[in-house]
Structure formats: C-alpha cells, structure tokens
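To get my numbering, take the position in the sequence shown, counting from 1, and add 2.
Glycine is no exception: its CB is placed at the ideal position from the N, C-alpha and C atoms.
Report on one structure; see the data block that follows.
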Amino acid sequence: MNHSYFLRSSLVFCLCFSVYSFTAVPPKHKPKTIEQKIDSLMATLSLDDKIGQTAQRGTSSRVKGPLAEALKTAVRNGRVSSVINVVDIDKVNELQRIAVKESPHHIPLIFSRDVIHGFKTIFTIPLGQAATWDAESVEAGARIAANEASASGIRWTFAPMLDIARDARWGRIAESAGEDPYLASVMAKACVNGFQGKDLSSPNSIAACAKHFAGYGAAEGGRDYNTANIPEQLLRDIYLKPFKAAKDAGIATFMTSFNDLNGVPASGNRFLLKTILRNEWKFDGMVVSDWNSVSEMITHGFATDSSQAAEKAVNAGVDMEMASNTYEHHLKELIRDGKVTLAQLNQAVRNVLRLKYRLGLFDHPYTQAPTSPAVLTAANLAAAKKSAAGSLVLLKNSNNILPLTSAVHKIAVIGPLADAPHDQLGTWTFDGESKDTQTPLNAMRQYWGKDNISYAAGLAYSRQHSHAGFADAIAAAKNADAIVFFGGEESILSGEAHSRADLGLPGSQDSLLMELSKTGKPVVLVIMAGRPITLSHVLDKVDAVVMAWHPGTMGGPAIAEVLAGEVNPSGRLPVTWPKTSGQEPLYYNHTNTGRPATKEAYVAIDSIPVGAWQSSLGNTSHYLDAGYLPQYPFGYGLSYTSFTYDDLQVKNSAIPVNGRLRVSAQIANTGKRKGTETVQLYVQQLTGDLVRPVRELKGFKRITLEPGQKQMVEFSIPAAELAYHHQNLQLATDPGKYKVWIGKNAAEGLEGSFVIK
Ligand code: BGC
Numbered sequence: 003m004n005h006s007y008f009l010r011s012s013l014v015f016c017l018c019f020s021v022y023s024f025t026a027v028p029p030k031h032k033p034k035t036i037e038q039k040i041d042s043l044m045a046t047l048s049l050d051d052k053i054g055q056t057a058q059r060g061t062s063s064r065v066k067g068p069l070a071e072a073l074k075t076a077v078r079n080g081r082v083s084s085v086i087n088v089v090d091i092d093k094v095n096e097l098q099r100i101a102v103k104e105s106p107h108h109i110p111l112i113f114s115r116d117v118i119h120g121f122k123t124i125f126t127i128p129l130g131q132a133a134t135w136d137a138e139s140v141e142a143g144a145r146i147a148a149n150e151a152s153a154s155g156i157r158w159t160f161a162p163m164l165d166i167a168r169d170a171r172w173g174r175i176a177e178s179a180g181e182d183p184y185l186a187s188v189m190a191k192a193c194v195n196g197f198q199g200k201d202l203s204s205p206n207s208i209a210a211c212a213k214h215f216a217g218y219g220a221a222e223g224g225r226d227y228n229t230a231n232i233p234e235q236l237l238r239d240i241y242l243k244p245f246k247a248a249k250d251a252g253i254a255t256f257m258t259s260f261n262d263l264n265g266v267p268a269s270g271n272r273f274l275l276k277t278i279l280r281n282e283w284k285f286d287g288m289v290v291s292d293w294n295s296v297s298e299m300i301t302h303g304f305a306t307d308s309s310q311a312a313e314k315a316v317n318a319g320v321d322m323e324m325a326s327n328t329y330e331h332h333l334k335e336l337i338r339d340g341k342v343t344l345a346q347l348n349q350a351v352r353n354v355l356r357l358k359y360r361l362g363l364f365d366h367p368y369t370q371a372p373t374s375p376a377v378l379t380a381a382n383l384a385a386a387k388k389s390a391a392g393s394l395v396l397l398k399n400s401n402n403i404l405p406l407t408s409a410v411h412k413i414a415v416i417g418p419l420a421d422a423p424h425d426q427l428g429t430w431t432f433d434g435e436s437k438d439t440q441t442p443l444n445a446m447r448q449y450w451g452k453d454n455i456s457y458a459a460g461l462a463y464s465r466q467h468s469h470a471g472f473a474d475a476i477a478a479a480k481n482a483d484a485i486v487f488f489g490g491e492e493s494i495l496s497g498e499a500h501s502r503a504d505l506g507l508p509g510s511q512d513s514l515l516m517e518l519s520k521t522g523k524p525v526v527l528v529i530m531a532g533r534p535i536t537l538s539h540v541l542d543k544v545d546a547v548v549m550a551w552h553p554g555t556m557g558g559p560a561i562a563e564v565l566a567g568e569v570n571p572s573g574r575l576p577v578t579w580p581k582t583s584g585q586e587p588l589y590y591n592h593t594n595t596g597r598p599a600t601k602e603a604y605v606a607i608d609s610i611p612v613g614a615w616q617s618s619l620g621n622t623s624h625y626l627d628a629g630y631l632p633q634y635p636f637g638y639g640l641s642y643t644s645f646t647y648d649d650l651q652v653k654n655s656a657i658p659v660n661g662r663l664r665v666s667a668q669i670a671n672t673g674k675r676k677g678t679e680t681v682q683l684y685v686q687q688l689t690g691d692l693v694r695p696v697r698e699l700k701g702f703k704r705i706t707l708e709p710g711q712k713q714m715v716e717f718s719i720p721a722a723e724l725a726y727h728h729q730n731l732q733l734a735t736d737p738g739k740y741k742v743w744i745g746k747n748a749a750e751g752l753e754g755s756f757v758i759k
C-alpha cells in the first residue's frame, strides 16, 4: 500500500465519518435565552392561562392546617401563578407538584411571604438595622433570612420597604430605613444583595421586592393609608431615591402602595409604573399590587367597580394582583371589549414568567428538605445579636453611668418590656417565635448572676394604667445599686395600620419612672419601640437612655453586652427624634424658610406676659411651646469613648460641574475605650433654582479606633451627586456656593465651603 493511497482512503473515511456523525447527532443549539423561552411558552398559552399567570392566591399570614381544596383545584387548572403564606415545605412541594405535573402548561408557582427582618431568626426591625449604618451587617441579615426562608420553599419576600418616613406617628416607620434618602439607598442595596445573593437562580436566593411604590411614607398626618401629596421634584429627589437604588442593585420585583399619590392611587398610577419605572428606569422585573390594593381603588373612588379597577391597574402596569381577583374575573371581557389590549396582558405575563425563569423555578421547582438545621443556627443567632447590639443608640449617659461597672452589684430590672419575648420581636414577624427569643431579663440574669438581679415589671404591659405593680417595683429598686427600666411600646403599637397620634411612653410608664427616680438610685431607661418616643416628662429623671428598637430574637444578650460595656454602643439615629408629637413631621433635611429660628426660641408658654406684643417673641419659624430643635438630631448617638474632629480640608474648593468634591477631616478617639464612630458628610447648596435643604447627607464612613488613635477620613463625592430636580423638572447640578460639614450628626460638624463652577 503506498502512502498516498492510505492517506486518500483515510481522508475519505474521515470525511464519511464526520458526515455520518454530523447527520446522526443533532447539531448543538445555542441554549435559549430567557426571552426565547418566554416566547415559546407564551405561544402555547390561552387567554385563560395568561390571566392565571397574573394571580397571586393564598391564605392569611397565620393560617395553619391542611391546604384548601379550592386552592389545589385552582393551581391544577392553571389559575394561580404565585402563592402567598404557605410555608410548610411539604405543602409547598405538594402545591408545586400539582402545578408542575397536573396544570396544563406545567408552569411552576412562586411561593412568597413577608420575610421582613428575619424568618425564624428575627433581626432587629428595619429601622434598627438602619441605625447600625452598617451595610455589611444588613446584607448579612438579609442573606440569613433568605437562607432560612428558602429552606421552607419561600423564593420571594416582600422586602425591603423603602418608604421614606419623615413622620414618626406613621406606624410603618418601624419597617423603614428612616427619613434619609442616602442612608435608605445604602440599606436598599444591602438588602437586595443579601436576599437575592449573587445568583437569583440559586435555591437559597429569594427575590426581593421594593415596596411600596410610591409615596406611602408621606401619608398625611402620619395616619396609615392616608393620601400623599408630593410635588414631583420632592418625589424624585427624596421619595424615589431608595427605589432607584434598589432597581440599580438588580431588585427582581416592585410592589405598589395603598395610598393615592397626588390623587391617583398607586395601583392605578401610570406615571409611577410606566413613565418612571419602565420608561425612565428600564425596569424589566415584575410589579405586584399590594394586598387587595387593586380592588380598593373602588373605595378610593378611582374605579366604579371591580372591572374598572382591573382595567386601571393592568393598564397602569400592575403585572400580578395580590389577594383580590379583579383580573381573574374581568380581564377576559376587558380584552374582548378593547379596554385592555392583549399586548398589555402579554407584557404582564412575560414579566411574571421572566421572574420564574430568573429564579430557576422551571429547572428546580421543588424545595429539598435541608440535611442540617437551616434555621436558628448558632451562626445566625450570633449575627442577629451583632446586628441588634450595633443598632443600640446611646442617647444620654450622665456622669458616664453606663456601662454598669463592677461597683454595681445588684440591679433592679423593671418595666413592661424586660421580659416580653413577643414584643421585642417587633412588627412583621410571622415566623419568629417567643420560645426562641432571649429577653433582657434572662440575659441579665445570666450575665450578672441570678441573685444579683431583682425583677418586678411594675407594669404588665406597655399600655397598662394601673399602679398596682408600682410598690413591688419600688421595693426592688430600693434594694439595688442601679435600676434598669425596660419601657417603650409593645410590638402591636407600630407597623401597618398602627399609627399613633401621641408618641409618648404609653400607659403609666412615665409615672412609674418618676417614682423610681425618687429612690435616688441611678436609672437607666432602655426603650424598645418601633419609632422614636417623646421623653420630655422623664428625660431629666433618668441618668441614661438607650434606644434598643424592637431588637429581635437576640435582643436580650445584645442589650446586656452593651449595658455591661462588653460592646461599645455605635448606633446612630436614622430618624430625627422629636421632643413632642406636635413637631411631626420632623426631618433634618428641611428647607430654611424666610424666617428661620437661629437660637432655641423656646419660651414657656405660661411665661408670656398677658397682652404682650406679637413681635416681642420674635417672628421666626418655631413653636411657642417646643422651640424648633428636635430632642436629638438625625445621625446622633453617643459612645462609651469620645471622638474629636479636627483639620477639615476641602481639597478642591472650586469644582467643575463634572468634577468631584474631595474633603477630609481627622478623627481621634480621645477616650479610654475602643469605639466605632460614624463619620458623616453633609452638604448645603446656598442658593438654587428651588430652595435647597439646610443639609443633606452625601456620605458616611464607619471607623473603629483604639484609644488615642487618629484617622484621616476622606470623602470623594461626584458633583453629580449634588444634582436636584429644577422647576422645569430637569435634573442638574448648579454652579454656585456650597457649604460642607464633616461631623457626628446633622446638627454638628466642622464646616467648610466650596463652589461649583
Ligand atoms: C402590606 C404589604 C405586605 C402585604 C402582604 C400588605 O398589607 O402593606 O407590605 O407585603 O400585605 O402581606
């Protein structure tokens, strides 16, 4: 055989073989994109199937027991897209099996739940988490919540709540990150990263939901569900900022809100859902209504009946309807009558299916039972304790009474929240349980020894008026070296539909504190509440005040460690603290007025001479009986050590509009303990196209310093961050003069100035 023959025949063989293999094995296709998968699936769906994909059904939050047959049947018929509040893994898998095996198109369900500040391991309330100013710990908390919830089959949470809350009367301030758009945006991003993880399709990632879109926190008078009137500039510059941050962080879903915004209910608000969310922000995720908020547009007086409610909601851009079923009942006829286009419905269904593909539900519809404990693990509890301890804000500490030193042997633990496991969990904790919760009383007994703690609640619950328990409390106090009083609000006094007109300590807590102060023993007041509490009656009767929010499962040990000085408090207020309820709404980033008060113009109202002339009191913007200052400013919080600020340097005092502000200051720990300081950067534009806030937070850095240690802290902020919406609604940074502060809170700081050219 000569070589050429061999080569030729091998070539022929190879060619034949490759032709053979080419025809026998189908060519490899590029994997379909999610959009192509949606196209294919959409082509097979009937109108009823499509409408089914817009429906969320389920039970109310705490219903236990067997799955309702009606729900199973609806799933089997493809009439349900998402299920809310089924959390048992067996029931989740059973419903999913029906959807995937028995429904006409085998489309998986998404199981959803309000996992707001933890699932089984409850973290401090969101307002408390914001008080940590610690994005890393907030992200870690959301990751833990996602791990715990997804182990039960939950793949979608209705969090974070991103409503800016400028009014502490509003009960849902507890669920918010407070009043500031910058801080809330940092928290928004941390929550999205934590809940959704790096890959939304991983089985322990859960879709997050930016709620409530939008303006809900501006409910007039702080009364929940009330109308919100927000001029467009303010809406864009303040209220929408955290939502935009969540969108930019890749949040999977948005939820509409209950309120009307400037007269248009959010669930029928095209401007919010189409103009802003879809057209300007290019959001391609899914929008769900709030619970019944579509049908409630009838009660609002925005829709005549449930058919018109469905029409307005779907045309505005609500993709999925939670709880009410106007879509199910009316979309077919609305499409037939041309009031809703098929294209509009298709868009909604595509948004729903996209979420299901992104979550990987088509590939992995079922939840695997965890092989090791998934909830309340030691690591999860430790993270909850760290977050709660970091959220504690030391508001007052006369004579450094805290931390309680070794000279304090016997402590009287008093107050309605010292041993109230349910209440310390706070609002929106469907799955956290009292039995898993460590109260301050338990923790303090462990810490100081049972014999050194005497306990008398004095009041059985926060609203109690009876003084029957006072005598025991006073007796316990007299035999102690110090009193720690756990007061505040039960969890039921904040949260949805739980607004308060009076922000004082409820019940007879003020009276009990006054009696305790008469014993002459030092009094430490620890407040557990979902909002700031006005303290004007008792502030001078107590030596120290610690704001502990509703601190969650591990609140007890977290507080004990701070009281004992093992943890140096580092929380800072995410909300301005009022002296009196009548100051609300109250927020630091207000505008100036033409007659600002410059010194505290407070005059005891009774001391005004009868017949005095108006002008003798000064014509400035203040309250006769409360002045103009808050009790504590935004950003405020003390430490067991002290920090000084020096050497402010504005590195470039003339900045181009597209340049950056660079400014630094030196921070020193001048006390005797290691401590963490939150260094805050504020800016004010002196003159604008619209009047500008007296200060706006534009950055912050948390630094930990040993005693005697100093650190230069530098901020570099793009001038674009100083832009705002002008009268013509254009977003622009103005040339002109600005002030800048680096300081401890919104009322202090080293002041400098710069210009934008
Ligand atoms: C609340 C939402 C919540 C929904 C589902 C509504 O009442 O406003 O924040 O996610 O219920 O429970």
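| Asked | Found |
| --- | --- |
| With distances taken from CA atoms, which of 175, 157, 111 is nearest residue 163? | 175 |
| With the ligand BGC as the reference, list in chain order each residue whose Cβ lies under 7 angstroms from any of its heavy atoms. | 63, 86, 116, 160, 163, 213, 214, 257, 260, 292, 293, 324, 498 |
| Residues in its own chain within less than 7 angstroms of residue 307 by CB, not counting five upstream and five downstream? | 300 |
| Which runs of the alpha helix (DSSP H) spanning at least 4 residues fall entirely within the stretch 606-655, listed in chain order? | none |
| Under 8 angstroms between the Cβ atoms of residue 485 and residue 416? | yes |
| Please name the residue or residues paired with residue 60 in a DSSP beta bridge. | 86 |
| List, from N- to C-terminal side, the beta strand (DSSP E) runs of 3 residues or more that fit wholly inside the stretch 445-528. | 455-458, 484-490 |
| Using CA coordinates, which residue listed in 110, 527, 91, 95 is at the minimum distance from residue 82? | 110 |
| My guess is that residue 389 and residue 678 are in contact by the Cβ rule of under 8 angstroms, so how many angstroms apart are they, rounded? | Their Cβ separation, rounded to whole angstroms, is 14 angstroms, which puts residue 389 and residue 678 out of contact at 8 angstroms. |
| Got a sec, what are the start and stop residues for the beta strand (DSSP E) residue 722 sits in? | It is not in any beta strand (DSSP E) - residue 722 carries neither H nor E in the DSSP assignment. |
| Specify the secondary structure class of residue 168 as computed by DSSP and reduced to three states. | coil |
| Express the C-alpha separation of residue 90 and residue 587 in angstroms, rounding to a whole number. | 42 angstroms |
| Since residue 700 sits in a beta bridge, which residues does DSSP pair it with? | Residue 700 is not bridged to any residue. |
| Determine the DSSP secondary structure at residue 716, reduced to helix, strand or coil. | strand |
| Quick check on this structure: which residue in 683, 294, 492, 522 has the alpha carbon closest to the alpha carbon of residue 509? | 492 |
| What number of angstroms, rounded off, separates the C-alpha of residue 286 from the C-alpha of residue 404? | 51 angstroms |
| Taking the alpha helix (DSSP H) that residue 2 falls in, what are its first and last residues? | Nothing in the structure corresponds to residue 2, since the chain is present only between 3 and 759. |
| Cα separation between residue 763 and residue 219? | The requested residue 763 is not part of the displayed model; the chain covers only 3 to 759. |
| Looking at the structure shown, is residue 395 part of a helix, part of a strand, or coil, going by DSSP? | strand |
| Should residue 612 be labelled buried (16 or more other beta-carbon atoms within 10 Å of its own) or exposed? | exposed |
| Can you give me the start and stop residues for the alpha helix (DSSP H) that residue 290 sits inside? | No alpha helix (DSSP H) holds residue 290; the beta strand (DSSP E) holding it covers 288-290. |
| Determine the burial state of residue 553: buried for a count of at least 16 other Cβ atoms within 10 Å of its Cβ, exposed for fewer. | buried |
| Between residue 161 and residue 112, how many whole angstroms is the CB-CB distance? I'm expecting something under 8 angstroms. | With 8 angstroms as the limit, residue 161 and residue 112 do not qualify as a contact, their Cβ atoms being about 15 angstroms apart. |
| What separation, rounded to the nearest whole angstrom, lies between the Cα atoms of residue 323 and residue 298? | 12 angstroms |
| Identify the residues that DSSP records as bridge partners of residue 669: which are they? | 647, 713 |
| Residue 578 to residue 168, Cα distance in whole Å? | 8 angstroms |
| Rounded to a whole number of angstroms, what is the C-alpha to C-alpha distance between residue 607 and residue 124? | 45 angstroms |
| Please report the straight-line C-alpha distance between residue 518 and residue 505, rounded to a whole angstrom. | 22 angstroms |
| For the candidate residues 723, 437, 569, whose alpha-carbon lies nearest to that of residue 676? | 569 |
| Under DSSP, the beta strand (DSSP E) around residue 685 begins and ends at which residues? | 677-687 |
| For residue 181, count neighbouring C-beta atoms within 10 Å of its own C-beta (all shown protein chains included) and say buried if the count is 16 or more, exposed if not. | buried |
| Who pairs with residue 549 in a beta bridge, going by DSSP? | 395, 529 |
| Would you identify the three-state DSSP class for residue 538, choosing helix, strand or coil? | coil |
| Would the beta-carbon of residue 53 fall within 8 angstroms of that of residue 333? | yes |
| Verify whether the separation of the beta carbon atoms of residue 394 and residue 549 is less than 8 angstroms. | yes |
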